[in-house]
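Heads up: the structure comes next, in structure tokens.
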Amino acid sequence: MSNRVISIETGLHITRICEVENKKKNPKVYQCISFPTPEDTYEDGFIRNKEKFVEAAKDKIVAAKLKSTRVIFTIASTKIANREIVIPYVSDNRIKDIIETNATDYFPVEISEYTITYGILEKIINGKEKKLRISVLAAPNQLIKNYYSVAKMLGYQVEAIDYIGNSIFQVCKKQGGTETGLIAQIQEDSTLLSFLEGGVLTFQRTIQYGTNSITNTLVNSRYYDVNNDNEALQLLSNNALINREFEPHVEETAAITLEYSKEYTDNGLENTARQELTESLYLLVNNIIRVLDYYLSRNEEKKIHIMYLTGQGTKIKGLSKLLSNETGIHTKKIETLSGVIFDKNIEFKAENQGDYLSCIGAVMNPINFMPKDYLATVERKSRVHLRRVLLGGSVAISIIFVLTAYIGYRTERLEKDRLEAQIKELSEAEQIYKDHKEAKNQYNSIKAMYDLTLGNNEGLNSLITELEEKLPSKSNINTMNITDTQISLNIKTGSKTEAAKVITQLKTIDALTEVQTESIMEQRDENGNITVEFTVSAKYKEGFTKEDKDGDN
């Protein structure tokens, strides 16, 4: 159970939940459940009525006996901005710095109100020149915190928060070959178009049209007895209610009529009913074609070989045929998933695997939106943990050295005592005297080695504790260089006044003397924030650490 996570995708009409093995390659899916998203709880990625949603989700999770306490959310929202950039090839730990420095150039918004993250799309190698193609994403802080709040109410710990475009890409790149293909994830109020070539995401765009246009038309139509969107989706999935083209031929109309259920053909539904529903999809299809034309105009040498459908749109019977005829690209639904293992006890049809594509992909390699305040908490805990580990390691090594020296010291001292007793018993014992002398020399050598293990750093733990207590909270120690006689600290503060307080506090520490500032540098960033960095050196006072030492006899 420890390596399993709960993955949740919430949509306007349907919420899907999976329990998945937490690994990148060929994850195993243990359970899949879905339920109608409670009415008026979801809006463009936000879970507005958290209490109502959590109550419904908990009931389903308990009924499905999902035991993991870690959760991954994948979010679809028009509030999430996406930019593609190309930067020089740098190490992973420098990518974040580059993106944060240039974030205002990528997104013309108040950056402090957004959570920024990224994913590496491709490593570009052109001769000796190496570059990275990166997808940079910005999500409102309130959107990300919304899901942290939901996780807390569910009793879960957030493992990651992914963007649905990345979730889809992680699974779909394993489905096709090397040819260029388009993945259209048609949701209720938006459609995400992802262009892949040989498993590499080359272009991605979101359009503001989805299945809502046809479900709303169906609910308001005078030809059908439909009360809400869920009933509309059910009707559209069971009956071919749309034409195969926007301007159908007579032969096609007759063929589609034969596909209707008896209930509707008996009611004598007119061709205008089908045409009305078909035309409600015009803006969706037309915008897909516009994005296709834009992509192909920038990549004239390429051809789209296939279009895969995922999301809510796959439930609309006849939509794949309509898209195929209008775009001229072979279109099919993603039903079964390659590179994913489904537990044999999951109770659903194999052709429904594609319904959980986003949930599964979110586990494989999430980009992970993390709020700044939560990130700061994680980093602070990490630093404290690292300090404790380093200190604990230093203490352990010191103890080993001390014990080794002390054992040798005690052994030789016992031998020395034995020989001295023997000398007293024997009047003529020149050889014994020589042995005694040699033993004494060995004893002195071991004792000298033992004495070398003692020094001022024995009190390092208490010194670090005193530094944490006395230094101002807004100051940070970047580096600490320590010898047996002195200590050097590189410190960063927000002002020279704060720096002066640090130096004053250091001089009050009993263990230190001759506290001196070796260098100080003030920097101001583009936002006017001041950073003061300086180095302080000090010496240990005599008698800072006292250890009992055994003397010679």
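The working numbering runs 6 ahead of the 1-based position in the sequence shown.
Beta carbons are placed, not taken as given, at the ideal position from N, Cα and C, and that holds for glycine.
I need the straight-line Cα distance from residue i to residue j, nearest angstrom please.
i      : j      : result
Glu128 : Ile140 : 7 Å
Asp103 : Lys350 : 45 Å
Ala87  : Tyr154 : 20 Å
Ile192 : Lys502 : 56 Å
Ile483 : Leu518 : 17 Å
Lys480 : Tyr380 : 18 Å
Lys443 : Lys422 : 9 Å
Val384 : Thr491 : With a pLDDT of only 49 at Val384, under 50, the local geometry of the prediction cannot be trusted, and no value is derived from it.
Asn172 : Asn244 : 31 Å
Lys29  : Asn371 : 8 Å
Thr607 : Arg280 : This structure cannot settle anything about residue 607, because the visible part of the chain is limited to 7 through 559.
Glu446 : Val508 : The question names Glu, but residue 446 in the sequence shown is Lys. Looking at the two C-alpha atoms, the distance is approximately 51 Å.
Ile170 : Asn226 : 31 Å
Ile294 : Asn108 : 31 Å
Lys387 : Leu469 : Note that Lys387 scores a pLDDT of 47, beneath 50, so its modelled location is shaky; the value from the coordinates is reported in the next line. Each residue's Cα considered, the two are about 20 Å apart.
Asn277 : Tyr215 : 25 Å
Ser543 : Asn533 : 31 Å
Val206 : Val369 : 19 Å
Leu315 : Val297 : 16 Å
Leu242 : Ser118 : 44 Å
Pro180 : Ile405 : Reading off the sequence shown, one finds Lys at residue 180, where the question assumed Pro. Going by the C-alpha atoms only, they are around 53 Å apart.
Gly17  : Tyr48  : 7 Å
Ile352 : Val35  : 9 Å
Arg228 : Glu282 : 11 Å
Ala505 : Asn535 : 15 Å
Ile126 : Thr186 : 19 Å
Lys547 : Asp516 : 8 Å
Return helix, strand or coil for residue i, following the three-state DSSP convention.
i      : result
Lys30  : coil
Met313 : strand
Gly133 : coil
Asn249 : coil
Gly205 : coil
Tyr169 : strand
Gly324 : coil
Thr338 : Strictly speaking, residue 338 in this sequence is Lys, with Thr absent from that position. If DSSP states are grouped into helix, strand and coil, Lys338 belongs with the strands.
Ile406 : helix
Ser481 : coil
Met159 : helix
Asp556 : For Asp556, the predicted structure reports a pLDDT of 43, less than 50, and the residue's modelled location is therefore unreliable. A value from the coordinates is still provided. Three-state result, Asp556: coil.
Tyr36  : strand
Phe175 : helix
Asp272 : Legend: pLDDT at Asp272 = 41, less than 50; position of this residue unreliable, no value from coordinates given.
Glu306 : coil
Gly17  : coil
Leu149 : helix
Glu194 : coil
Ile444 : For clarity, residue 444 is Glu in the given sequence; the question names Ile instead. Three-state result, Glu444: helix.
Is residue i close to the ligand SAH? I mean its beta-carbon at under 6 Å from any heavy atom of the ligand.
i      : result
Asn535 : For the structure depicted, the ligand SAH is absent and the ligand set is empty, with no information on it obtainable.
Given a cut-off of 7 Å, decide if residue j and residue i are closer than it, judged by their beta-carbon atoms.
i      : j      : result
Thr121 : Phe375 : yes
Glu25  : Gln37  : yes
Thr197 : Asn249 : no
Glu251 : Val291 : no
Ala190 : Met313 : yes
Ile14  : Phe113 : no
Ile366 : Val177 : yes
Phe540 : Thr514 : no
Lys56  : Val156 : yes
Ser326 : Lys339 : yes
Val142 : Ile105 : yes
Ala246 : Lys134 : no
Leu160 : Val60  : yes
Asp235 : His19  : yes
Asn32  : Ile347 : yes
Identify which residue in the options has its Cα closest to the Cα of residue i.
i      : options                        : result
Asn358 : Glu341, Asn371, Ile220         : Glu341
Tyr631 : Asn450, Ala427, His442         : In this structure the chain extends from 7 to 559, so residue 631 is not present and cannot be described.
Leu512 : Leu495, Gly500, Glu106         : Leu495
Tyr288 : Tyr300, Ser219, Lys339         : Ser219
Lys378 : Glu27, Lys151, Lys64           : Lys151
Phe209 : Ser200, Thr217, Ala544, Tyr215 : Ser200
Lys71  : Thr84, Lys476, Ile12           : Ile12
Lys137 : Tyr362, Asn9, Ile174, Ile93    : Ile93
Ile91  : Tyr300, Glu203, Tyr230, Ile130 : Ile130
Met213 : Leu420, Asn487, Ser83          : In the sequence as presented, Met is not what sits at residue 213; that position holds Ile. Among Leu420, Asn487, Ser83, the Cα nearest to that of Ile213 belongs to Ser83.
Ser525 : Ile373, Lys498, Phe52          : Lys498
Arg211 : Ile67, Arg89, Ala69, Asn99     : Arg89
Lys545 : Asn487, Glu203, Glu528, Thr337 : Asn487
Ser364 : Tyr301, Ile403, Ile174         : Ile174
Complete runs of the alpha helix (DSSP H) confined to the segment 59-136 [at least 4 residues]: Within the segment 59-136, the complete alpha helix (DSSP H) segments at least 4 residues long are 98-112, listed from N- to C-terminus.
If we require 3 or more residues per run, which beta strand (DSSP E) segments fall completely within the segment 487-546? DSSP runs (the beta strand (DSSP E)) wholly in the segment 487-546: 492-499, 518-530, 536-546.
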